[in-house]
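K.L.:
Each residue of the sequence shown is one higher than the one before, counting from 1 in the UniProt record's numbering. Just so it is clear, CB atoms sit at the ideal spot from N, CA and C, and this is done for glycine as well. Keep in mind the model is a prediction, meaning the values are calculated, not measured.
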Amino acid sequence: MEYSDDDMDFSVDNNPFAGSNHCFSSGIRSIDENNGSESERDNDSESDDDNDGNDNDDIDNTNITAIEEDTTTTATEITNISITTFEIIKDTVYYKIQNTNNNTHVLRRYNDFKSLRNYLCKFYPYLFIPPIPEKHSISRFFKNPFHYKNDISIIELRIRLLNYFIKRIINNKKLSISDIWCKFIDPYIDNWLSVLNSPPFTNLSTNSLLLIQTQNPTKPSPYFSFIPIPPLNLLKKFQNELNDEVFKNLENILKIIHKISINLESKIKDIIHCLNGLRGNMVELGGFLNIFSILENQNINIENFGNKIDLNFLNIEVLINNLIILFKEPLIIIKNSISYMLQMLHFRKLKELQLIYFKNIILQKQVKLKSLIKKLNPIDPIPINKKSSSPSINLAISNMNNQSTISISRSPEAKKLLINEIKLLNNELNNLLPCFKLLNNDVKFLSINVERSVNNEFTEILNLFSNVMNNWAGTEYGDYLKKCTEVWSK
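(1) Output the residue ranges of the beta strand (DSSP E) runs that lie fully inside the UniProt domain "PX" (73 to 192) and measure 3 residues or longer, sorted by chain position.
(2) Mind checking if Ser-293 is an interface residue toward chain C, Cβ cutoff 9 angstroms exclusive?
(3) CB-CB under 7 angstroms to Tyr-188, same chain, minus the five flanking residues each way: which ones, in chain order?
(4) Does DSSP put Pro-199 in a helix, a strand or coil?
(5) Is DSSP giving Lys-490 helix, strand or coil here?
(6) Quick check: the region 443 to 457 against the region 334 to 349, are at least 3 beta-carbon pairs closer than 8 angstroms?
(7) Cα separation between Lys-335 and Ile-316?
(8) Quick check on this structure: which residue in Asn-281, Glu-87, Asn-243 has the alpha carbon closest to the alpha carbon of Glu-451?
(9) How is the alpha helix (DSSP H) around Tyr-340 delimited, first residue to last?
(10) DSSP three-state call for Thr-214: helix, strand or coil?
(11) For Val-487 and Ile-169, I'd like the C-alpha separation in whole angstroms.
(12) Where does the unbroken alpha helix (DSSP H) through Pro-266 begin, and where does it stop?
(13) Would Ile-338 pass as a contact of Leu-376 if the rule is Cβ separation under 9 angstroms?
(14) Quick one, which of Phe-305, Tyr-124, Ser-466 has its alpha-carbon nearest Phe-201's?
(15) In the DSSP assignment, find the unbroken alpha helix (DSSP H) run with Pro-434 in it and report its ends.
(16) Using DSSP with H/G/I as helix, E/B as strand and the rest coil, what is Asn-385?
(17) Let me know if Asn-191 comes out buried or exposed under the rule of 16 or more other beta-carbons within 10 Å of its beta-carbon.
(18) Just to confirm before moving on: does the CB-CB distance between Glu-303 and Asn-290 stay below 9 angstroms?
(19) Assuming Ile-362 and Leu-432 make a contact with CB atoms under 8 angstroms, what is their CB distance in whole Å?
(20) For Ile-129, which residues of its own chain have a beta-carbon under 7 angstroms away from its beta-carbon, when the five flanking residues on both sides are left out?
(21) If you measure between the beta carbons of Ile-229 and Leu-211, is that distance less than 9 angstroms?
(22) How is the alpha helix (DSSP H) around Ile-325 delimited, first residue to last?
(23) Reducing DSSP to helix, strand and coil, say where Ser-221 ends up.
(24) Does the beta-carbon of Cys-274 have 16 or more other beta-carbons within 10 angstroms, so that it is buried, or is it exposed?
(25) Using only CA atoms, which one of Thr-214, Asn-430, Lys-90 lies nearest to Glu-352?
(26) In the structure shown, what three-state DSSP assignment does Ser-194 receive?
(27) Can you give the Cα-Cα distance for Trp-342 and Ser-371, rounded to whole angstroms?
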């Protein structure tokens, strides 16, 4: 593995707290000079599908971790929360989150849920964050460009999926008592955007998540400013015992199930589309028969036949609704859940790659330091007992061993420059070694918790799949055929 000079240069400013309110936001050395200054967080505006105005929704779907929980909300209050209805205010849909325990409620938009989930992903990258419904599709916009935001069927679907999101949050011991969630459901906080413009949200770094502690993203850690971000092209050839034995197989299984869920969702959509077409035909046929019975002087036989067509239409309505609730929506949850689980595994892999990449950089610097010391004291050999796992380091060692011993005397100026270079490199290594220890602990913590979280969620996904299969083999189609038979047997 080869590294450029830029990879080895730690003077480049990659301060993880740049752009935040932390004391390290302007660099480690500026703490005493500018201890009282605070930077302002930029709020990018984004036009969204619910006409919610400016919002901090454009947040990366990758993640970081927990903040200190300090809340007076009790467990009983948390478990009695769900969306009961919705309100449309100034062409914006607000979902009413009801707390039945203390009879309070709060109104939140779809984009409020979206920003909540994005921040939970950033604070807790080692925990599975349940999915929320997707934004309106382009096709729905073209079908109904003036009222697509207030489509009742979409609003009802979102209520069901958002209730699933709420249920999973309150069932998670850590997320249910987090300060973020408690503020979101606080009935005294009407404006969620005002919360996003205050700590702990403004304390998050605007830099890469790879430069922040996974366990506590808002805790100042100047050591992370020394840690480099590995080139993404190294992921293609990334091989590691932990990843290959534990996470690679899990990732492959999730990809297979993800593909199956996408295919099943597509088939269910085709069935629902076909039934909707049949329903439309029955509406036209029922109306035609009713008119025909009037033209035929209230012919009782034609009228009865038309009534049976209308009843069949109602049976199809019930069947379509059941297919959406029992099959389509669980498959959407499965698909989106697996997508996020794969993101969690990808982030963990990036952190492990960062650790290995950083380790090789430190080893190279150690080899360089030994080489400089050898030049300063050519009599002392460099003790190298075994080969490194890095090809680039082995090549550097080989080149050093092949060089002839420098026996000529050096000028005082050259010796002074060499000593200064050794001191600088030694000081740099003194900073990098604590960074490596911190990053190593971070990767261990992330790997253990991601594996646990993904495996637990994998069990949940299998249960959802089992329910879908049982419902498919159950009574939905049987009930439909039974009701249709009863209609035509009369």
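P.N.:
With the structure as the only source:
(1) Counting whole runs of 3 or more residues, the UniProt domain "PX" (73 to 192) contains the beta strand (DSSP E) stretches 81 to 89, 92 to 99, 104 to 109.
(2) Looking at the structure shown, chain C is missing, and only one protein chain is on hand.
(3) No residues qualify anywhere along the chain.
(4) Under the three-state reduction of DSSP output, Pro-199 falls in the coil class, being neither helix nor strand.
(5) Coil at Lys-490, not helix or strand.
(6) Yes, they touch.
(7) The straight-line gap from Cα to Cα measures roughly 27 angstroms.
(8) Comparing Cα positions, the closest option is Asn-243.
(9) Where Tyr-340 is concerned, the enclosing alpha helix (DSSP H) stretches over 329 to 376.
(10) Coil.
(11) Near 44 angstroms, if we compare the C-alpha coordinates of Ile-169 and Val-487.
(12) According to the sequence provided, residue 266 is Ser. The question's Pro does not apply to it. Counting along the chain, the alpha helix (DSSP H) containing Ser-266 begins and ends at 248 to 295.
(13) Contact check for Ile-338 against Leu-376 fails: the beta carbons are separated by 9 angstroms or more.
(14) Distances from the CA of Phe-201 to each of Phe-305, Tyr-124, Ser-466 were compared; the closest alpha carbon is that of Tyr-124.
(15) Secondary structure note for Pro-434: its alpha helix (DSSP H) is the uninterrupted segment 412 to 472.
(16) Summary for Asn-385: the model assigns pLDDT 48, below 50, so the residue's position carries little reliability; its value from the coordinates is reported in the next sentence. Three-state DSSP puts Asn-385 in coil, outside helix and strand.
(17) Using a 10 angstroms sphere on the CB of Asn-191, the tally of other CB atoms stays under 16, which defines it as exposed.
(18) Closer than 9 angstroms, so yes.
(19) 5 angstroms between Cβ atoms; contact.
(20) Arg-117, Leu-120, Cys-121, Tyr-340.
(21) One thing to note: Ile-229 has its Cβ within 9 angstroms of the Cβ of Leu-211.
(22) Here Ile-325 belongs to no alpha helix (DSSP H), and DSSP marks it neither H nor E.
(23) In the structure shown, Ser-221 sits in coil (DSSP, three-state: anything other than H, G, I, E or B).
(24) So Cys-274 counts as exposed.
(25) Nearest option by C-alpha distance: Thr-214.
(26) When DSSP states are grouped into helix, strand and coil, Ser-194 belongs to the helix group.
(27) In the sequence under discussion, the amino acid at residue 342 is Leu, which differs from the Trp named in the question. So the alpha carbons of these two residues sit roughly 43 angstroms apart.
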